[in-house]
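Engineer: Take this structure first; my questions come after.
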Amino acid sequence: MKRNTTYLTLSMIAAVLIGLGSCSDAFLDPDPKGTLMEETYYSNPDEALAGLVSVYDPIGWQTAVSYLNFGAVNSASDDHVAGGGGPNDMETWQRWSNYTLNESQGPQQDYWNRNFTGVSRANIFIQKLEAGIPGLSEAVTARYLAEAKFLRGYFYFDLVRLFRNIPFYLEPLTTDNMREQVQVDPTVVYAQIEQDLKDALAVLPPTVPAATEGGRATKGMAQALLGKVYLYQKKWTDAARELAVVNGTPGGTSEYGYRLLENFEDVFRPDNKFHAESILEIVCSQGGARTWDHWGQFYGNVATTMFGPRGYSGPYYYSGWSFCPITQELYDLLHYDPRFKATVADLDSLEKNGIAQYEKGYMNTGWFIQKYAPLVEFAATSGVRELNYPQDYIEIRLADTYLMEAEALIEDGQGGGPGTRAYQLLNAVRGRVGLNPIEATLDNIFLERRKELATEGHRWYDLVRSGRAATALASRGFVAGKHEVLPIPYAELLNTQLVQHDAYK
Amino acid sequence: MKKGVLHAFIMLCMCVSPFALAAQTLHVTGKVTAATDGRPLPGVTVTIQGTGTAVSTDNSGYYTIEIPQAGATLVFQQLGMMAQHIEVRTSGAINVSLEEDLSTLEEVVVIGYGTQKKSVVTGAITSVKSSDIENQVVGRLETALQGRTSGVTITSNSGAPGSPASILVRGVTTINNNTPLYVVDGVVVDAGGIDYLNASDIESIEVLKDAASAAIYGTRAATGVILVTTKKGHVGDMRINYNGYYGTQAPAKKLDLLNATEYATIRNEASLNDGGGIIYPNPESLGEGTDWQSTVFENNAPIQNHELSISGGSDRSTFYTSFGYFGQDGVVTPEISNYNRYNIRLNSDHKVKKWLRFGQNLGYSYIKSQGALATNSEFGGPLSSAINLDPLTPAVITDPDVANQPPYSTQPVVRDANGNPYGISTNVAQEMTNPLAYVDTRLGNYGFSHNIVGNVFGEIEPIEGLRIRSTLGAKLAWWGSESFSGIYYLSAVQNRSTTEFYRAREQGFNWNIENTISYSRTIEGHNFTVLLGQGAYLNNLSSGTFITFNNIAATNFEEATFNLKVPREDIIADARDGITHNLSSLFGRITYDYKERYLFTGIIRRDGSSKFGANKKYGIFPSASVGWVLTNEDFWTPNNILNNLKIRASYGVVGNDNTADFRFVPTIGMGNDRNYFFGIDNMYIGASPNAPANPSLAWEETSQLDIGFDASLFRDWTLSFDWYQKETSGILRTVTIPGYTGLADPWYNLADLEAKGFEVELGYRKAIGDFNLAVNGNISRTTNTVNYLGSDVAFTEDGAGSIQNLANNAQRTTIGQPYNSFYGYKILGVFQNQAEIDNYTGPEGNPIQPNAVPGDFKWADLDGNGSISTDDRTFLGTAIPTLTYGMTINASYKDFDLMIFGQGSAGNKIFQGLRRLDITNANWHSKILNRWVGEGSTNERPRATLSDPNQNYSKASEYFLEDGAYLRIKTLQLGYTLPVTWVSKIGINKIRAYVSSNNLLTFTKYTGYDPEVGGGSDTWGIDAGVYPQARSFLFGLNLTL
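Encoded structure:
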C-alpha cells in the first residue's frame, strides 16, 4: 500500500517533469522539415543552380494572361481577335483586343508580375553570386552571372516596351525602401538593359548542348536581344551591327551556327526543338504532368490549348478554347502564300470538306493558329492533355533577326536594292519558301514580317514601334498616344510613389 | 457488480413473467413530492439499494415498485434534491417528500481546468446543456450553438451534409481566422475535425466569451473558447438509453428562374438592345423548357441519427459508453452528396483510493462522405449548373436526329439508362454541364476520416482540498479521399480523354500534457481556490501521400483499383510532411469569494510558441474579474421582485498566434512556380526567397472589457446582460507589397480592430398544475470597426469577396468601417430617356454618362468630378449580421411536450451573385422580368443587355445587394411520453416518441436559396449559389431501460 503510493507519486512527478521539460526553448524550435532558410541557402553549387533556375522560370509563365508572351498580345494585333467562348471569356484579352482596357481591367498586372518577378529574382541571385557561393567555380559563377544579367535584360525590356515608365532597381528591395521606388526615364532602363546584355554577351557560351541545356542563354541569344533592344530605340546602326553577328551571311550559317531551316514547317515541329533557326526558345514540356490543381504552374504550352478550335471533332487536332482566331485581313494576305498551310489551321475548309466539325466560338472566323496548334500527333501522354503540349515557344528566330537587321539597315539609309545586305536578308527569308526576290523597302519588310512571323506574337509590337498601330488598329478602338503602352496596374498605384500614364488617368 | 447484474436479470424475468412472482414479494406504491411546496416530483429515481432495480416517478409523482423481500431499502434520488432512504417491511403506500439540496442545486459551469458554481462566476460564459440539444438535428457541434448562445454569431456556409458553419464569438476579432478554440474534455481539437463528435454524447458546451474567462487558454483564446464536455456515468443505477430519429428532407426553397419562353424573350430583347437581331423568332413555342433545378434536387432525402448508450456506476467507478450513427443524404444530387458518421465513446472515472482518481475520455469516429460538388461556388458543380444552364437545352436528348449529330454521335457523351445522351448546352459553357451527366462522372468518389480523440488523467488528493492532476490528451486522425475520373464528354470545355484514379492518405497527431495543482479552502466565509498549471502542446505531426494512376484500365469508380497496373510514367506521386506547431505554457488562477458576496478571479498565462522568433517567443496574458452579489448582503431583505443580483466586471488580454510557421525568418521557396526545363524534358527545381521576413513577428493581442449582471426576478424570471468592448491590436496580416518587388507579401503585426456590443439572455419558467412552461431568449448585437491597417494604408482588398468577372471586388476593408464590408457604386436610378442622360451633368456642364442609353443605370458621381470612375465607389453595408437572436419555448402538459426553437439575424447585406457574369447566355433569376422596358417602366432594374456597355450588370453596385435579415423556425417538436405506470410493466423506465420539423419556415426577403451565407474568411455574404438548407420532417424515439 505504502509502496503503491510511492510509485504513483513518483510517476506523477515524472509526468510533471516531462511536461516541464517541454518548456525548454528546444521544444519551441521544432524541426523545420525541409523549410529552407535564406540565411543558409546558396551555400553550394546545387543551390546556386536552383537559384538560377528560378530566374529562368518566369519566362515560361503562362496563366493567367500572357501565355508565353504571345497569347495576349496576339489578340491585341490586327492579325487576330480575342475570340474564346464569349465576349467576357478571358476578359483581359478581350479588353486588349477591343481597346477597352483601363487601369484596373486588362492584361497589365500579369505582364507586370511576370517580368518584375524575373527582375527581382535576377537581382537577388546576382547579389548572392557576387557575394560568392561556396564550391562554385569562377567559370560557373561567371556564366551564371551572365545568364542572370541576360534574363534581367530580357525582363526589363519586356517591361519598358509594354509600360514605358517603370520603377527600376538593381539591388534586392527591402521592406524599408520598397515603397519609395519611383518611375524612371525609359532611357535609364534601356541603358541598363544594354549594359546587362553586353556583360552577358562577353561571357555566355556560343552554344549549349541542346538535349541537356537547350533554352539556356547563349551569346547568340544575348546578341539577338541586344540588337532588338537597339532596334526598339531606333538606334539603327547599333542594331544592324549586333544583328549582323547573329545573322552572318544571309542564307548561310552564322558564327553561332544559326541558319534558316530548309522547310518552313520544320521551324514549329514540337519534335524539332532547339534547331538551327531558333535563337531564344522558351522551353515547354509535358514532363511536369500538370493537372488543373497546378493552375499557374504549368510547364506545357497552354497557349496551344487556348488557340485550338473549340468543340472540335475530326483528325489532326484536339479541342481547344478558340482564342485568337485569325482575321480576314491576315487570311487574305496568307491565303496564296506558301506559308499558309503551316500558319493557318483552316477549320472553315476542313468543315466544308466534311473532314471535321467544330463549335463556332466568339468572333469565329474559321481560321486558327497552326504554328502552335493542339496537334494530336504531339499531344501529351501524361497529365491533363490541355496543359501539357510540349511545343516550345520560339520568341526570337533567325528569320526575325534577318528582317530586323534589314529594317535597321534601311532605316540607317543603307538602301535595299539588289546587291544590298538588306535585300539579301529579306530575300533569304522569301527564298526559303520559294518566293521571288523583291526590293527591301520598309513596307516590304514589315509586310514580310507580318507573313513570316504571323501568329508568333510580334505583330502588335511591330505596329506600335513603327507608328503603324493607330492606323492599323483604328477600327479596334486603338487611341494614339494612349494604347502604345499598357496602363500601370491599378494595384501598383496603391501605397506607392508610382503614377499612372496621363492617358489612362 | 456481478451480483447487481444477476439481480437485475432476475428482476427483469420477474417483470415479464408473472408466474415468477415469489410469495414474499412486496408491492409498494406512492407519491413523491417536494418538501418546500408539495408539488409532485416527476422523474425521481426509486432504487432498491444494493440492486440495479429502479423505477422513475411519473409526471404526477407516482411510482410503483416490486421488492423481492422485506427489509430492503428504497432510495429516492433526484438531482437537486437530498436523497432519502426508507426501509420497507410491508407492502403498501410509501409517500415521500424530498428536501431541496442546496449544495447540488447549484448549476456548475465548466471554466477550463476546473468547474465553478454558476453563482460565483465572474466572467461571461454561456452554457448549452445536453437537454437543450438532444433530439434535434445537430449534424455538427457548432450548429448546436446557433440561436442558443448569446454573443455567438453562427452562419451556415452550405446546406450540404457535414458542412461546417462560420462562427464568430462576439463578432470579428481578427482579420485572420476567427474560428474559436475548441477544447473537448481538455483536448484541443482543430476546428476542421470537430465534426467527429456526436451531439448526443455532449453533456455541456460552454462558450468563454470575455477575455477574463478565456485567458486561461492564453495565446489561442482571442477568438473565444468553446469547451465541450462529454457525458459521464452517474452513481446509481445502470441505464441503457436509445435516442434516435429518422426523417426526410427536401430543399427549403427553389429559385424562381426563367423558363424557356421567358429566357428566349430576354435573349431576344437583349440582342435587339445590343444592335443584333431576333434570335428566337417564336419564344412562346418553346414552352417551359428544362427545369434544371428539378434535375438536381431530391425531395425525399433521408436523414437519421441513432445513439445507444450504456452508463452507470458505483461510488467507486462510473462509466459511459455509447455507439452512434448519423446519416444524411444531401438535398442536391444525393448520389454524390451525403454524409455518414459512426461514433464510439468510452468515458470512465475510477476512484482507486480515497485520495486517488483515475479516468479517461475516449471518442472514436469514422466519417465517410461524398461532397464532390462545390458549394457556394460559381465555378460549376450541379447546383451552379442548374442555376446557369439555359432552359432550352433538354436534360435528355430523345430526338434521334439530334442524338445522331455531333457531339453526341462523335464524343463519349454520358447517357441515361435508356441509352439516350444527356443534353449538352450550346448556349452556356465554361464549367457548366448537364447535372445528370456530371453526377454520373463522379459516382463513387468519396472522402473519409478516422478520428481518435481522448485523454487519460490521474488525480491525487493527498490532503483535503489539494489536488494534483496530470492529463495526457491526444488526437490521432487519418483522412483521405479516392476519386476516379473517366473518359467523358460533358461539353466542349469539360471533357476528358484519359482515365485517372487518385488516392490521398493523410494522418495527423496532436498531443498535449497538462499538470495542475489546485488548492481550495474555506476559512470563515472566505472561499478561495488557487490553481497552478503547466502545459505543453504539439500540433500537426502530420504527413500525407497522394498517388495518381493515369490511363488506368477502368471505366468507373467501382472498377478502378490500384491493382490495375499502369506503366511507371503514368504514376504520379506526391507527399508532404507537416511542420509541428509547439506551444509551452505556464498558467495560474486564483478564485476568491467572501460569503458569495464579493467575488474575484485573476488569471495569468505565459505561452511560448514556435511560430515566433527569439524576440517574441513568449507572450504573457493577464486578466482579472470581480463580482458583487448584492442579494447576498446582510442588509438585503429578500423579496419577491429581485431574488438574486450579481454585478460583474472583467478585463483581460488574450492572444492569437494564428499564422503559418517560420514567418519570422526569411525562407526559400522551392518547386512548382520556380522550376524550369532545360533541353528535352529535363526539369530543374528552382529556389528563391519567399517574402521579406519580419523577425519581430508577434502575437495578436486582444484586450476586452466586459460589464454585466445576472439577476433572478419575480421568482420565475432570469435575466443576464453583458456589454463588452474588445480591441485587437497587431493583427497578423500580409502587407500587400508592390508587385514590382517580385516577392510574396510578408506578414506583419499590423492591423487594429475593435468590436463592441451587448448581449441579453432572458429566461422564464413556470409550472401551473400539469402545465409547465419554459421560455429562453437571447439577443446580441455586435459591430466591428477596423481602426488601423498600417501606416498610410487606408484600405485593403486582401480577402475581399467577389465573383467571376465582376469589374471590381465586391468588398473592401477600410479604416473606420467593419471588416470586409460591401463596396461599390451607388445607383441613382435608371435613365428613363435621353433627356435624363443629357441633363445628368458634372460641375462643368458635361454629361457624366455620355455613352449611356435609356434603361442604363444612373451611377452616383460621388466624387463630383463629372465622370464615373472607381473613385465613385462607397460603402454599401456590412456582410456580417450585427444582430442575432434566438428563442426556445418548451411547454409540457401531462405527458405531452412541445418545443419551438427559432433563431435569426439582421443588419447585414447579401451579395446575390447567382448568375455567372462571364457566361453571357446564362439563365436569369426572374428578377429580370422586372427590367426596364421603356420610359416609366421601372427605376430599379436596368434594361436587358449582354454587351452591357454601361456595366449595369458587372460593376459591383447596390444592384447586387439584398437585405440579409431572416427569422427561421429552426425546430418545431411535439413529443409524447408514455405513462411510467404502463412502461414500467415491461421493464422500461421511459419511452418518449416525437415528431419534429427542422427549418420549417424561414422569413426573409432574400431572393437566393438561403439567407445564411457564411463562408471562409473571404466570402462571407457573397452568394454564388449556396447549397440550400434542407427542410426536414422527423420521427424520433427516446427509450430508457
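The listed protein sequences correspond, in order, to chains D and L.
When the letters of the first sequence are read in order and numbered with the working numbering, they come out as residues 156 to 660.
When the letters of the second sequence are read in order and numbered with the working numbering, they come out as residues 15 to 1055.
Built from N, CA and C at the ideal position, the CB exists for glycine as well.
Are the region 55-73 of chain L and the region 89-100 of chain L touching by the rule of at least three beta carbon pairs closer than 8 Å?
Structural biologist: The region 55-73 of chain L, when compared against the region 89-100 of chain L, does touch it at the 8 Å Cβ threshold.
Engineer: Let's see if you can read the secondary structure: which residues bound the alpha helix (DSSP H) around S252/D?
Structural biologist: Numbered from 1 along the first sequence, position 97 holds the residue referred to as residue 252/D. Unbroken alpha helix (DSSP H) run through S252/D: E246 to S252.
Engineer: Does G241/D come within less than 9 Å of chain L when only Cβ atoms are used?
Structural biologist: Taking the first residue of the first sequence as 1, we reach residue 241/D at position 86. So, interface residue.
Engineer: Between A705/L and T884/L, what straight-line distance do the alpha-carbon atoms span, to the nearest angstrom?
Structural biologist: Position 691 of the second sequence, counting from 1, holds the residue named residue 705/L. Position 870 of the second sequence, counting from 1, holds the residue named residue 884/L. Looking at the two C-alpha atoms, the distance is approximately 30 Å.
Engineer: Compare the beta carbon distance of I438/L and Y503/L with 9 Å and say whether it is the shorter of the two.
Structural biologist: The residue given as residue 438/L occupies position 424 in the second sequence. The residue given as residue 503/L occupies position 489 in the second sequence. Taking 9 Å as the Cβ cut-off, I438/L and Y503/L qualify as a contacting pair.
Engineer: On the three-state DSSP scale, how would you describe V135/L?
Structural biologist: Residue 135/L sits at position 121 when you count from the first residue of the second sequence. In this structure, V135/L counts as coil in the three-state DSSP scheme.
Engineer: Which residues of the region 288-315 of chain L have a Cβ closer than 7 Å to any Cβ of chain D? Give them in chain order.
Structural biologist: The residues in question: there are none.
Engineer: May I have the straight-line CA-CA distance separating S335/L from G303/L, to the nearest angstrom?
Structural biologist: Translated into the one-based positions of the second sequence, residue 335/L becomes position 321. Translated into the one-based positions of the second sequence, residue 303/L becomes position 289. Inspection of the sequence shows that residue 335/L is occupied by Thr rather than by Ser. Approximately 55 Å, taken between the alpha carbons.
Engineer: Based on the DSSP secondary-structure assignment, which residues constitute the bridge partners of T61/L?
Structural biologist: Translated into positions along the second sequence, residue 61/L becomes position 47. T61/L pairs with A68/L and V89/L.
Engineer: Indicate whether Q718/L and V667/L have their beta-carbon atoms separated by less than 9 Å.
Structural biologist: The residue you call residue 718/L lines up with position 704 of the second sequence. The residue you call residue 667/L lines up with position 653 of the second sequence. Yes, these two residues count as a Cβ contact at 9 Å.
Engineer: Taking contact to mean 3 or more Cβ pairs, one atom from each stretch, closer than 8 Å, check whether the region 525-534 of chain L and the region 508-517 of chain L are in contact.
Structural biologist: In short, these stretches do not touch, since the Cβ pair count stays below three.
Engineer: Hey, out of F691/L, I1000/L and N953/L, whose CA is closest to E436/D's CA?
Structural biologist: Within the first sequence, residue 436/D is the residue found at index 281, counting from 1. Minimum Cα distance to E436/D is reached at F691/L.
Engineer: Taking only three categories from DSSP, how would you classify Q318/L?
Structural biologist: Your numbering for residue 318/L matches position 304 in the second sequence. In this structure, Q318/L counts as strand in the three-state DSSP scheme.
Engineer: By the DSSP assignment, the beta strand (DSSP E) with T193/L in it spans what residues?
Structural biologist: By 1-based counting over the second sequence, the position of residue 193/L is 179. That residue, T193/L, is in no beta strand (DSSP E); it is neither H nor E in DSSP.
Engineer: Please state whether the Cβ-Cβ distance between D547/D and N418/D is less than 9 Å.
Structural biologist: Taking the first sequence and counting its residues from 1, one reaches residue 547/D at position 392. Taking the first sequence and counting its residues from 1, one reaches residue 418/D at position 263. Against a cut-off of 9 Å, the Cβ pair of N418/D and D547/D comes out as no contact.
Engineer: Mind listing the chain C neighbours of V438/D? Cutoff is C-beta to C-beta under 8 Å, in chain order.
Structural biologist: The structure shown contains no chain C; its protein chains are D and L.
Engineer: Just the chain D side, please: which residues come within less than 7 Å of I751/L by C-beta, in chain order?
Structural biologist: Numbered from its first residue, the second sequence carries residue 751/L at position 737. Neighbours of I751/L on chain D, chain order: M333.
Engineer: Closer than 8 Å, Cβ to Cβ, to anything on chain L: give me those residues from the region 309-322 of chain D, in chain order.
Structural biologist: Residues passing the 8 Å Cβ filter: I321 and P322.
Engineer: Give the straight-line distance between the Cα atoms of A377/D and A500/D, rounded to the nearest whole angstrom.
Structural biologist: Translated into the one-based positions of the first sequence, residue 377/D becomes position 222. Translated into the one-based positions of the first sequence, residue 500/D becomes position 345. If I take the Cα positions, the gap works out to 33 Å.
Engineer: Look up K908/L in the DSSP assignment and say whether it is helix, strand or coil.
Structural biologist: The count along the second sequence starts at 1 and reaches residue 908/L at position 894. It is coil, neither helix nor strand.
Engineer: Any idea if V249/L is buried or exposed, counting beta-carbon neighbours within 10 angstroms, 16 or more meaning buried?
Structural biologist: By one-based count along the second sequence, residue 249/L stands at place 235. With fewer than 16 other Cβ atoms within 10 Å, it is exposed.
Engineer: For A37/L, decide whether its Cβ has a neighbour in chain D, counting only Cβ atoms nearer than 9 Å.
Structural biologist: The residue you call residue 37/L lines up with position 23 of the second sequence. Annotation note: pLDDT 46 at A37/L (below 50); position unreliable, coordinate value reported separately. Not an interface residue.
Engineer: Is any heavy atom in the ligand MN found nearer than 8 Å to the beta carbon of V994/L?
Structural biologist: The ligand MN is not part of the structure shown, which contains no ligands of any sort.
Engineer: Hey, which unbroken runs of the beta strand (DSSP E) at 3 residues or more fall wholly within the region 505-570 of chain L?
Structural biologist: List check, beta strand (DSSP E) in window: 514-537 and 540-564.
Engineer: What is the residue span of the beta strand (DSSP E) that A1007/L lies within?
Structural biologist: Position 993 of the second sequence, counted from the start, is the residue given in the question as residue 1007/L. Unbroken beta strand (DSSP E) run through A1007/L: K1004 to T1018.
Engineer: With the cut-off set at 9 Å, would you say G394/L and P175/L are in Cβ contact?
Structural biologist: On the second sequence, position 380 is the one that residue 394/L refers to. On the second sequence, position 161 is the one that residue 175/L refers to. No, they are not a contact pair.
Engineer: So for E562/D, helix, strand or coil by DSSP?
Structural biologist: Mapped onto the first sequence, residue 562/D falls at position 407. If DSSP states are grouped into helix, strand and coil, E562/D belongs with the helices.
Engineer: Using the Cβ count rule (16 or more neighbours within 10 Å means buried), how would you classify Y990/L?
Structural biologist: Mapped onto the second sequence, residue 990/L falls at position 976. Counting Cβ neighbours within 10 Å, Y990/L comes out exposed, since fewer than 16 surround it.
Engineer: Can a CB atom of chain L be found closer than 9 Å to the CB of W267/D?
Structural biologist: Counting from one through the first sequence, the residue named residue 267/D turns up at place 112. W267/D counts as touching chain L.
Engineer: Taking only beta-carbon positions, decide if N255/L is within less than 9 Å of chain D.
Structural biologist: Locating residue 255/L in the second sequence gives position 241, counting from the first residue. No, no contact with chain D.
Engineer: Relative to chain D, which residues along the region 572-585 of chain L have a C-beta separation below 8 Å, given in chain order?
Structural biologist: Flagged, chain order: E583 and D584.
Engineer: Taking the DSSP output, what are the residues bridged to M913/L?
Structural biologist: Walking along the second sequence from the start, residue 913/L turns up at place 899. DSSP output for M913/L lists N904/L and Q987/L as bridge partner(s).
Engineer: Give me the DSSP bridge partner(s) of T797/L.
Structural biologist: Along the second sequence, one-based indexing puts residue 797/L at 783. BP columns for T797/L point to K770/L.
Engineer: Counting C-beta neighbours from all protein chains within 10 Å, is the total for L641/D 16 or more, i.e. buried, or is it exposed?
Structural biologist: Along the first sequence, read from residue 1 onward, the residue named residue 641/D stands at position 486. Flag for L641/D reads buried.
Engineer: On the premise that E858/L lies in contact with L880/L, defined as a C-beta separation below 8 Å, what is that separation, rounded to the nearest angstrom?
Structural biologist: Sequence index remark: in the second sequence, residue 880/L carries index 866 (1-based). Sequence index remark: in the second sequence, residue 858/L carries index 844 (1-based). Residue identity differs from the one stated: residue 880/L is Gly in this sequence, not Leu. G880/L to E858/L, Cβ: 6 Å. Contact.
Engineer: If we call anything under 9 Å between Cβ atoms a contact, is Q263/L one with R929/L?
Structural biologist: In the second sequence, residue 263/L corresponds to position 249, counting from 1. In the second sequence, residue 929/L corresponds to position 915, counting from 1. No. Outside cutoff.
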